[in-house]
Each structure stands twice: as C-alpha cells, then as structure tokens.
Amino acid sequence: MAGPADAPSVSEPNKAEEERALVAIFSAYTVSATFWLIVATAVGLLVAVKFIFPDFATSPLASFGRLRPIHTNGTFFAWASPALVGLALYIAARSSGTRLYSPRLAWIALILLNLAALCGTITLDLGYNAGDQEYREWLWWIRVIFGAGIALTTWNLIATVATREDEDLYLSNWYTISATIQAIIITLVALLPWYQIGLGQVAVQGYFMHNAVGMWFTPITLGIFYYALPKLLNRPIYSYSLGILAFWTNLIFYPIIGSHHFLFSPLPWWLQTTAIVFSIAMVVPVAGGSANFLLTMQGRGDWMYRSPAMFFLVGVLGYFFGSVQGSVEALRSMQQIWHLTNYTVSHSHLTMYGFVTFTIWGGIYALLPRATGREPYNLLVGVHFWLSTVGMMIYVVALGIGGTEQGLDWIRGAPFIESVVDQTPYWLWRAVGGGLMFLGHLVFAFNVWSMIWGPVRAAEPVPAAAGVPA
Amino acid sequence: MNAANAKLLSIVGGAGAVYLGLAVLMGVLPGAWLSRTPPGPGVKPLTAEEDLGREVYVSEGCSYCHTQQVRPLSTDTPFGRPSAPGDFAYQTPELLGSERNGPDLTNIGARQPSTVWQYMHLYQPRSVVPQSIMPAFPWLFRVVDRLPPGETAVPIPKAYAPEHGFVIPTKRGKALVAYLLSLKQPPLPGQKALAPTAPAAPAASAEANAAAPAGANAAAGAKLFADRCAVCHGATGEGVPGAFPSLKGDPVVNAASAKEQIRTVLFGLQGKKIGDTSYSAAMPPFADQLSDDDIMQIINHERSSWGNHAPLITAKDVAAERSSKP
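Sequences listed follow chains A and B, in order. For the first sequence, this note's numbering assigns the number 1 to the initial residue and increments by one for each residue that follows. For the second sequence, this note's numbering assigns the number 1001 to the initial residue and increments by one for each residue that follows.
Quick look at the structure:
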C-alpha cells in the first residue's frame, strides 16, 4: 500500500509554485468555512436563547422559524461541506504524491459554495423557504449552485488522483471521491419534482435527509480520518481491509434506512420495517470503522493527549455512540418515546458535531500547520478542545434527558403544555452548552488565523512508535 | 488507460453505480409510487386564500415545531384520528415535520376553531397560553388608529396590546388563520364521528368519588378541561378579560340547573353578553367531539373548582340535552 507522501520535493520552481497554490486553496477553504461556522453557530445560540426567552428579539428577520433552517443549512453546507472539501482536495494531492489537478477549478468551486451559502442564508431570512423540508430549505437554484460546486470538486479530485504514481488508490480517496459523487446524486434526487407529490415527497424526504448525512458527511469525514489520523500518529492505519469492509457495507446499508425518520407515519409499513432492519445492520460498518481508528490510536495515549489527535478521539466516539444510538432509536419501541422529541436534536448534535465537526478540526489541526509551517498555540488548541467537548456533553446530555422526559409526558397523557414546561431546565442547559461550544469556535477561529498568518513555528516532532507493532 | 486508472474507475465508478441504483430504488421509486396516492374521501384541495396561508406557514417555519402527522399511538389521540395516506394528496410540500415542541396541527381547525383565539395567539401566544414558548408574529398584523369598515379588532389583553390603536390582521395573517382553520380531518369511512358513549376515563380511587355522583371523577374532569377548555378559559378558569369569559363565579356555571351550561358545551355559543362585555369569539360545539360522559366530567369540574359550588350532574343529564337538539 502506498503511504501518504508528505512534503514533496520542491527542487523545481514550478513545484514550489504548485505547492503554494495547494496550501493557498486549503487555507482559503478553511477560512471561509470558519467564517460560516461562527455565523451559523451564533444563529444557533440565538435560537437556543429563544426557547427560554420567547419574546427576545421579536422581528421577522430574527424569528425562530427563519433562523432555525439558517443554523442547520449553515452548519451543514456553509461550514462542514467546504471545510471537508478543502481537506479532501489537500489529501487527494498529498496522498497521491502529485499536484492538484486544477487550482482554478478549486477556486471556482469555493466561490460557488460560498455564493450558495450567502444566497441561502439571505433568502431564508427573508422568508423564502423551499418547503420546510429539513436540510433542503434552500431554494432550488441555490441548491443547483451548491451541487455545481460539488461537481467541480468531484472532477478535480478524480483528475488529481488519476495522475498519482502508485497503482494503489489511497483509502481516503475512496471515501472522499465516492462521497462527492453521492452528494451529486442526492442533490439531484432531492431537486427533481416529478415524484415528490404529497406522500411521495415524504418518502423522498426520508431518503434525502438521511442520505445527506450518511452518504455525504459520513464517508467524506471518514476519508479525513484514514489520512490524517495515521499522519498525526506517525503510524499506518490498523487495518486496510477493515476500512474496505466498512466502505462497502456503509454503501449498501445506509441508503435503505431513510424511512426510519417517519416511523408510524402513513408511509407503507414494509418501507418502515425495511428501514429499521438496515438501521440495525449499520452497526457493522460503524463498529468496523470505529474499531479501526481506536486500534490505530492504541498504545499512543501518552502522546495523544497533548496533540490534536484528541479531536479524532472525540470524533470516533461521536461516530460510534451517535451511530449506535441512531440504530437503537430506529426501533419502534424506542421511537414511541423519542420520536418528535428533543432527543432527536441531541442525537443530531452528537453526530454532526461530535463526529463530523470534531473530525474536521482534527484534520485541520493535523494538516494545516504542516502545509503552512505555522503551528497554533498548543494551549489554545486545548482551550478550544475543552470548551467544545464540555459544551457538547452538556448539550447532548441535557436534551437527551429532556427529550426522554418529553416523550414520557406524552405517554402518560399529560396536557401538552406540561411537556413544554418540563423542558425549560433542559433548554436552559442546552443554551449553556451551546454558549461554551460557541466560545470554542471563537478560539478555533483565532487558531486558524495563527496557522495561516501567525508566526512561523515548527511542530513538536512526533515520537516514533517504539515497541508498538505498526 | 493504464492499470492505475482502471482501478480508480472500477472503485469509484462501481460505488457510484451501486449508489445510483439504491438512490433510485429507495428514493425515486417509492416517491413516484406514493405520489400517485389518491385523495381520501372528503379530502379537498385548498382554496386560494388557504393556499396563501400555507405559504406563510412554510415561510415562517411553523413546521419546525408543529407536526402534521397523527400516529396510531395513544400519545397522539388528543390530536385526532391516525393520519391516512389519502390525507396528504394535496399537501406539497409535505409538512409532516420532525419535532413537536408545539402540539400537532393536523386537526387544529376542529380542535380550536375560534378565529379570535387564533389571531390573539399569533399576535402574542402568551396572551392566551401563559406558559407558551411560541414566537409572536406581530408582523402578520398592523395597528390602525381607526378601524377600516368591515374589519374587527383583535381583542389583545392590555399587557400585550400596543399603547393605542386597534390590532387587525394583514392579508397574510388572515390567510394563515384561514389555512389553520382548514386543517380538519375528514372522518374515515366506517368511522363514526364520535360515539356518545365513548369509554369512560380511567377510574379514580373510590374515596375521591365518595361525594360525587356515579361516574364523576375529579382527575378525569381536570384533564379533559385542561385538554379541551383551558386554552381559552385558562387553567384557572379565569379566561382572558374581554376575549374569553371567566368561568369562576359565572352565573351560568353556578346556576342550580345546569341546562344552559350543558347546551353551551354541546352546541357552542357566540356573541353572548356577560356583565358589560359582549364576547365575539365563537365557542365551538363539542357534541361531535366529546361523549356524554366526557362532558359530564368537564361540567362537574367547572362546577366544583375555583370557588364554584354548584350541584353536580350525571351523564344522563347530558344525554337528555343532546337528544333535545335546538
């Protein structure tokens, strides 16, 4: 297997030029994504506050119903997606030991992604919502712009990897390239209107919301893991075969489980049952992927706790627990309690934040300083880590308990308003957790600054993995 | 093509083809098939105004907190009968929702048919439900110094009313309420509107019933009142001054004969003058929604709560009034 080739030789002048172009692109994607992270989570925090003070900032432009989709679409498509694309482009070139096929395409894609984010945010705030369908609230033409950005990325990734020197294809690229192709298919299926009338749209929405998460964010995020984690720990991934098994099982099982978002709905019962069965089957790729990462980390604990690998540790735990939780939630008996409650919100933050966002941070902290030669301040990386980790734990636990209580209130037949009143303390804790998370993002923004424009600082050398079978 | 690119093509192309097949199988085909679900009996398309109201509903993101799907679970019985596939024939975009921070709205037009209540609630939810956390939507209203002809002012309580002028709904506000009131579940074929002898509420302990007539149950009455009545008359029965009458100390509720009270619950009421206030908001008729037993529980709760001390009734009293329709 070809190991990732780091720091290509820069003897020729145009190699140095290509190197600078790649680093500039990686940096630009990271900076743009970070900007949107701050915007989208500031909106999230405001929304959280409105649960406690419903008359705070009453105005159409700051109303809950318009800000909520700005928060979800912003974190999904303005923060996480461009950040992951930037990482994927950098990894494609580095792992193939070659240059990026087209810096120009990468810049155009970045402009398209940002244009979509800007138009999407503004139109939602003005009340133009495509139909309250979660994660596809942007108007159709905005989603076309986003899809075009992803399509250019796919082309760039494939063309870059096609010029690699080794025959073998580094596993990261399996995941990242397939993810972009799947994202294009998902976007198209969600856009075309002919099979989305009434109940038909419910089926498509079940497919869409789940596949956007599981066939776009999950595989591209796992692709970051397979490159950045070995790089950071200076040892190969524990098992290449396990990674391949997880790849194919994820591909087969995941697309089938979307309808579990509409259990007990008028969707055909067999469609719901099929979704439940494959939700349980998802334990296979999840356990395979998680075990692979944890076994790669094993024995390096002494060094990990002082390194950005901690972000990957939270990432893999978020992946494992979030996904297993998803499988359990899909059971009918559990859905009777948790469906439609705040428990779902807790779950989506454990996965999109604990897994996806922490992995992006791990990837950026692992790779960006190597690209720019500027290390962030270790203390501030730690501050970011702990603010976000503690904040997320408070968030997830509070809404997990709160959502359960909400569901039990309904089951015991309490008047509905009681289930609202009973949530108040949990919503308060959610805002506290969200506040800590947001503070963490501000520290992260500063760290991004120091990794790109800060003083040139060399990394602490990674100790060799002595005595550890590699 | 060299071997390296053949490998790239087979992995990426193979995975892409597999995924495309699954996306068609699990997304497009079920969508195409279910898009052809015919409308159920009694399910009608929206009027132009209701349609505009639905657009406002989508635009303001109502479905992030309100579902429109009644599941066949006991938790959902307060919201109506279980949703059927034919209910959604004219609902594009679908608004089933994924979170229920507020109640389900599938049948809100039947459960809360008062336009006055809906307007007050949209202008300031806490004016009618003090513990509500719903956002206020004052931009669906305007404040005028003089009422235009044909307009009725929304009776906003002092604490929430603008300093001067009248609050009237805008076109979009009216459309939204028209849409909300259109949300009524047509009964399923073979399903009767509601049997007058629906199963009684769970029995309470014997001693709690000692002083009450046969079948009366303080807990069941309180719950029914909270579910059905408190939204306008308040959890403490005090109503909303100027909009919904107080039941505390009310002469009809405290009268020796419960005839008028029973008939009001069964058949509804509008425009009644109590003291100096004429109440324009319509009280909905509950004859089709509640059994004799339920109505007996509610009326006995009203007659024995908040300082009211009036003779209690039995389900037979309700049945007698029900059979002697106006």
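Every residue, glycine too, gets a C-beta built ideally from N, C-alpha and C. None of the values given here were measured: they were computed from a predicted structure.
Taking CB distances under 8 Å as the criterion, tell me whether residue i reaches chain B.
| i | result |
| --- | --- |
| A/R164 | yes |
| A/N129 | yes |
| A/T58 | yes |
| A/S172 | no |
| A/L95 | Checking the sequence, you will find Ser at residue 95 of chain A rather than Leu. Not one chain B Cβ lies under 8 Å of A/S95. |
| A/Q494 | Residue 494 of chain A lies beyond the range of chain A shown here (1 to 470); nothing can be said about it. |
Nearest chain A C-beta to residue i closer than 8 Å, yes or no?
| i | result |
| --- | --- |
| B/S1114 | no |
| B/G1221 | no |
| B/V1154 | no |
| B/N1005 | yes |
| B/E1207 | In this prediction, B/E1207 scores a pLDDT of 40, lower than 50, which makes its location untrustworthy; the coordinate-derived value is nonetheless stated afterwards. No, B/E1207 lies away from the interface with chain A (no Cβ there is under 8 Å from its Cβ). |
| B/F1088 | yes |
| B/I1295 | no |
| B/R1100 | yes |
| B/Q1091 | yes |
Compare the beta carbon distance of residue i and residue j with 8 Å and say whether it is the shorter of the two.
| i | j | result |
| --- | --- | --- |
| B/A1282 | B/Q1270 | yes |
| B/Q944 | A/G198 | Since the first and last residues shown for chain B are 1001 and 1326, residue 944 of chain B lies out of range. |
| B/Y1019 | A/L251 | yes |
| A/I244 | A/Y226 | no |
| B/V1177 | B/Y1119 | yes |
| A/S239 | A/M282 | no |
| A/I177 | A/M215 | no |
| B/F1137 | B/E1260 | no |
| A/G206 | A/S259 | yes |
Name the chain A residues whose beta carbon is nearer than 8 Å to that of residue i?
| i | result |
| --- | --- |
| B/G1165 | Result: empty, since nearest Cβ-Cβ is about 18 Å, beyond 8 Å. |
| B/G1031 | Y195, Q196, G200, Q201, A203, V204 and Y207 |
Can you tell me the Cα-Cα spacing of residue i and residue j, whole angstroms?
| i | j | result |
| --- | --- | --- |
| B/S1305 | B/K1248 | 8 Å |
| A/F358 | B/A1003 | 37 Å |
| B/V1129 | B/S1246 | 15 Å |
| A/F481 | B/S1280 | Outside the shown range of chain A, which is 1 to 470, sits residue 481 of chain A, and nothing can be said about it. |
| A/G74 | A/A117 | 7 Å |
| A/F76 | B/A1218 | 51 Å |
| A/V39 | A/F446 | 15 Å |
| A/V421 | A/G413 | 15 Å |
| A/Y128 | B/P1311 | 56 Å |
| B/E1050 | B/S1182 | 7 Å |
| A/T41 | A/F311 | 19 Å |
| A/H210 | A/V345 | 14 Å |
| A/G301 | A/A151 | 39 Å |
| B/G1027 | B/V1240 | 49 Å |
| A/R94 | A/Q298 | 25 Å |
In this structure, how does DSSP classify residue i when only helix, strand and coil are distinguished?
| i | result |
| --- | --- |
| A/T341 | coil |
| B/P1093 | coil |
| B/K1184 | coil |
| A/I257 | coil |
| B/R1263 | helix |
| B/K1316 | helix |
| A/I417 | helix |
| B/S1278 | strand |
| A/K231 | helix |
| B/P1169 | strand |
| B/K948 | Any property of residue 948 of chain B remains undetermined from this structure, which presents chain B solely from 1001 to 1326. |
| B/L1073 | coil |
| B/K963 | This structure does not reach residue 963 of chain B, given that chain B is present from 1001 up to 1326, and the question cannot be answered. |
| B/K1044 | coil |
| B/M1120 | helix |
| B/L1290 | coil |
| B/A1201 | The pLDDT assigned to B/A1201 is 40, lower than 50, so where the model puts this residue is not dependable; a value taken from the coordinates is nonetheless given after this. Residue state, collapsed to three classes: coil. |
At a CB-CB cut-off below 9 Å, which residues of chain A make contact with residue i?
| i | result |
| --- | --- |
| B/K1184 | Per Cβ cutoff of 9 Å: no residues; B/K1184 is ~17 Å from chain A at best. |
Name the chain B residues that come within less than 9 Å of residue i, Cβ to Cβ?
| i | result |
| --- | --- |
| A/K50 | I1133 and P1135 |
| A/I256 | L1022, L1025 and M1026 |
| A/S178 | I1011, V1012, A1015, G1016 and Y1019 |
| A/R472 | Outside the shown range of chain A, which is 1 to 470, sits residue 472 of chain A, and nothing can be said about it. |
Taking C-beta pairs closer than 7 Å, name the residues in chain B that residue i reaches, listed in chain order.
| i | result |
| --- | --- |
| A/Q325 | By Cβ distance, chain B contributes nothing, its closest Cβ being about 16 Å from A/Q325, past 7 Å. |
| A/L169 | K1007, L1008 and I1011 |
For residue i, which residues in chain A fall below 7 Å Cβ to Cβ?
| i | result |
| --- | --- |
| B/P1072 | F264 |
| B/D1227 | P415 |
| B/Q1069 | S265 |
So residue i contacts chain E; which residues on that side make the cut at Cβ distance below 8 Å?
| i | result |
| --- | --- |
| B/A1084 | Note that chain E does not occur in the displayed structure, where the protein chains are A and B. |
Using a Cβ cut-off of 8 Å, pull out every chain B residue sitting near residue i, in sequence order please.
| i | result |
| --- | --- |
| A/I411 | S1074 and T1075 |
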